[in-house]
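> One structure follows; several queries about it will come next.
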Amino acid sequence: MMRFTLPRDMYYGKGSLEQLKNIKGKKAIIVLGGGSMKKFGFVDKVLGYLKEAGIEAKLFENVEPDPSVETVMKGAAVMREFEPDWIISMGGGSPIDAAKAMWVFYEYPDTTFEEIIQPFSFPTLRQKAKFIAIPSTSGTATEVTAFSVITDYGKGVKYPLADFNITPDIAIVDPELAETMPAKLTAHTGMDALTHAIEAYVSTMNSPFTDPLAIKAIQMVFEYLPDSYNGNMEAREQMHYAQCLAGQAFSNALLGIVHSMAHKTGAAFSTGHIPHGCANAIYLPYVIKFNGKNEKKRYADIARNVGFTGNNDECVKALCKKIDDYNVNLNIPKSLKEFGVLEEEFKEKVGKIAELAVGDACTGSNPRPITPAEMERLLTCTYYGTEVDF
2 MMRFTLPRDM
12 YYGKGSLEQL
22 KNIKGKKAII
32 VLGGGSMKKF
42 GFVDKVLGYL
52 KEAGIEAKLF
62 ENVEPDPSVE
72 TVMKGAAVMR
82 EFEPDWIISM
92 GGGSPIDAAK
102 AMWVFYEYPD
112 TTFEEIIQPF
122 SFPTLRQKAK
132 FIAIPSTSGT
142 ATEVTAFSVI
152 TDYGKGVKYP
162 LADFNITPDI
172 AIVDPELAET
182 MPAKLTAHTG
192 MDALTHAIEA
202 YVSTMNSPFT
212 DPLAIKAIQM
222 VFEYLPDSYN
232 GNMEAREQMH
242 YAQCLAGQAF
252 SNALLGIVHS
262 MAHKTGAAFS
272 TGHIPHGCAN
282 AIYLPYVIKF
292 NGKNEKKRYA
302 DIARNVGFTG
312 NNDECVKALC
322 KKIDDYNVNL
332 NIPKSLKEFG
342 VLEEEFKEKV
352 GKIAELAVGD
362 ACTGSNPRPI
372 TPAEMERLLT
382 CTYYGTEVDF
């Protein structure tokens, strides 16, 4: 038996943030990132709508990019003191992911982080609060997913948390918030959305319910991402919807080793963290070539759905070239070496990273099995920009 889970309600379109004035409750905590939502006036709008709803609000601010275990625990402590019946998170993937994890420790203070690392092991939520997610970026789709990514900086590892319990109750997909994204963030989040959709379509957990969502998202990303990157706000609105479709697909079909690799390399190197969407964009063509040895047909399906013709091999090759071309146009490096990762450090760490990546929760649904030795070879290809021929 399989399961398909989405938020109870999704509100979308310009001005949909106004739906907050219609929610019922007494207290809401608003979890935020670094300040852009305040700067552009969206926090004031939220506070105004909650006031109309008769709801007392408290802010928890400054969740860092790639949120840490420590931030999660700090936020949960604030929630236990304030006792909200709504958790509202607004911003990029980081504050929403952090708020999802905070939710667990708010309702279950005695739970440990180690207990929820195991996929689909969360206790039953909604004992104290419900959850509203409001994305300001067009990539992670955490507003509609059963996932959260939290970083243990002491270990240099990102943990993907997975449980249908943390699928938000309400998603508000208002494209006005995405209009504030700078070009580089637009590029990275857009390629993140593309990776979500492609990995969902080829996942071993794909289904007739997830396939249409994934294909439509892929078509929309290829159509709208270049113009969105160049500042076209109509295209940016469509990208905001495309990433949400991709999220609905992968939350139910799961992902693959592009994400396994990104999770385990994002915080691993001393040259600075690799933004998640950037890492996905770098790895995606290499992984398609690796997986394509086993799973040509579904990658070829994707290629044909975006206009390519030919046999399966020709279609897979064309899809990889299209992604490579998008990366060039979006100023995304082709390799980890080009990104700036030091060669000696890479060589020192790649064996351990490969082992961790194979053990990542996303690896199990990848269409081609992979060993630690093969993962090390694949990561080495992504470092030097060499061809995947195994």
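Numbered as in the numbering used here, the sequence shown ends at 391 without a single skipped number. From the three backbone atoms N, C-alpha and C, an ideal C-beta is built for every residue, glycine too. Values in this document were obtained by computation on a predicted structure and should not be read as measured data.
(1) Thinking just about the alpha-carbon of each residue, which of Thr310, Lys353, Phe132 and Ala163 is nearest to the one in Cys363?
(2) Among residues of its own chain, excluding the 5 on either side of Gly76, which ones have a beta-carbon nearer than 6 Å to its beta-carbon?
(3) Apart from the five residues just before and just after Ile97, which ones in its own chain have a Cβ nearer than 6 Å to its Cβ?
(4) I need the boundaries of the beta strand (DSSP E) containing Ala282, first residue and last residue.
(5) Can you give, in chain order, each stretch of the alpha helix (DSSP H) that sits fully within the segment 110-149 and has at least 4 residues?
(6) Let me make sure I understand the geometry here. Which of Phe210, Asp325, Ile173 and Met221 has the alpha-carbon closest to that of Glu388?
(7) With DSSP as the reference, label Ala198 as helix, strand or coil.
(8) Just tell me which of Phe114, Arg81 and Tyr284 has its CA closest to the CA of Lys129.
(9) As a quick exercise: from Gly191, Ala100 and Ile216, pick the residue whose alpha carbon is nearest that of Asp228.
(10) Give every residue of the same chain whose Cβ lies closer than 7 Å to the Cβ of Val70, excluding the five residues on either side of it in the sequence, and list them in chain order.
(11) Report yes if the C-beta distance between Leu331 and Tyr230 is below 8 Å; otherwise report no.
(12) Confirm, please, whether the CB-CB distance from Ile216 to Asn306 is below 8 Å.
(13) Compare the C-alpha of Asp67 against each of Lys40, Leu51, Gly35 and Val47 and name the closest.
(14) Closest by CA to Met3, which one among Ser208, Ala269 and Phe223?
(15) Quick one: is Gly278 buried, meaning 16 or more other Cβ sit within 10 Å of its Cβ, or exposed?
(16) How many angstroms separate the CA atom of Tyr287 from the CA atom of Cys382?
(17) Can you tell me whether Ser252 is buried or exposed, with buried defined as 16 or more other CB within 10 angstroms of its CB?
(18) Do Pro276 and His189 have their C-beta atoms within less than 8 Å of each other?
(19) Please work out which residues of its chain come closer than 6 Å, Cβ to Cβ, to Asn328, disregarding the five sequence neighbours upstream and downstream, and give them in chain order.
(20) If I'm right that Val158 touches Lys22 with Cβ under 8 Å, what's the distance once you round it to whole angstroms?
(21) For Gln244, count neighbouring C-beta atoms within 10 Å of its own C-beta (all shown protein chains included) and say buried if the count is 16 or more, exposed if not.
(22) Compute the beta-carbon to beta-carbon distance between Phe210 and Phe43, rounded to the nearest angstrom, for a pair I have assumed lies under 8 Å.
(23) Kindly indicate the opening and closing residues of the beta strand (DSSP E) around Met91.
(24) When the Cβ atoms of the segment 165-173 are set against those of the segment 181-188, are three or more pairs found closer than 8 Å?
(25) Thinking just about the alpha-carbon of each residue, which of Ala301, Lys335 and Ser139 is nearest to the one in Ala319?
(26) Taking the DSSP output, what are the residues bridged to Lys59?
(27) Assuming Arg237 and Ala179 are in contact, meaning their beta carbons sit under 8 Å apart, how far apart are those beta carbons, in whole angstroms?
(28) Here's the rule I'm using: 16 or more other beta-carbon atoms within 10 Å means buried, otherwise exposed. How should Arg394 be labelled?
(29) Is the Cβ-Cβ distance between Ile173 and Leu18 less than 8 Å?
(30) In angstroms with no decimal places, state the Cα-to-Cα distance between Leu101 and Asp86.
(31) Excluding the 5 residues flanking Ser37 on each side, which residues of the same chain have their C-beta closer than 8 Å to its C-beta?
(32) Are there 16 or more other CB atoms within 10 angstroms of the CB of Asp361, so buried, or fewer, so exposed?
(33) Mind checking whether Ala201 and Ala254 have CB atoms under 8 Å apart?
(34) Could you check which residue in Glu108, Thr196, Lys40 and Leu337 has the C-alpha nearest to that of Lys131?
(35) On the DSSP bridge assignment, give the partners of Tyr13 in chain order.
The short version:
(1) Ala163
(2) Phe61 and Met103
(3) Around Ile97, the same chain offers Ser90, Ala134 and Thr143 as residues with beta carbons nearer than 6 Å, after the five sequence neighbours per side are excluded.
(4) Element bounds for Ala282: not the beta strand (DSSP E) but the alpha helix (DSSP H), His277 to Asn292.
(5) 114-118
(6) Asp325
(7) helix
(8) Arg81
(9) Gly191
(10) Phe114, Ile151 and Asp153
(11) yes
(12) yes
(13) Gly35
(14) Ser208
(15) buried
(16) 8 Å
(17) buried
(18) Yes. Within cutoff.
(19) Ala282
(20) At roughly 41 Å, the Cβ-Cβ gap does not stay under 8 Å, so Val158 and Lys22 are not in contact.
(21) Under this definition Gln244 is a buried residue.
(22) Rounded to whole angstroms, the Cβ separation of Phe210 and Phe43 is 33 Å, and the two are not in contact under 8 Å.
(23) Trp87 to Gly92
(24) In short, these stretches do not touch, since the Cβ pair count stays below three.
(25) Among Ala301, Lys335 and Ser139, the Cα nearest to that of Ala319 belongs to Ala301.
(26) Ile30
(27) 6 Å
(28) No answer is possible for residue 394: it lies beyond the span of the chain, which begins at 2 and ends at 391.
(29) yes
(30) A small fix is needed here, since residue 101 is Lys in this sequence, not Leu. Looking at the two C-alpha atoms, the distance is approximately 14 Å.
(31) Gly92, Ser137 and Thr181
(32) buried
(33) In this structure, Ala201 places its C-beta atom within 8 Å of the C-beta atom of Ala254.
(34) Glu108
(35) In the DSSP output, where bridge partners are listed per residue, Tyr13 has Val174.
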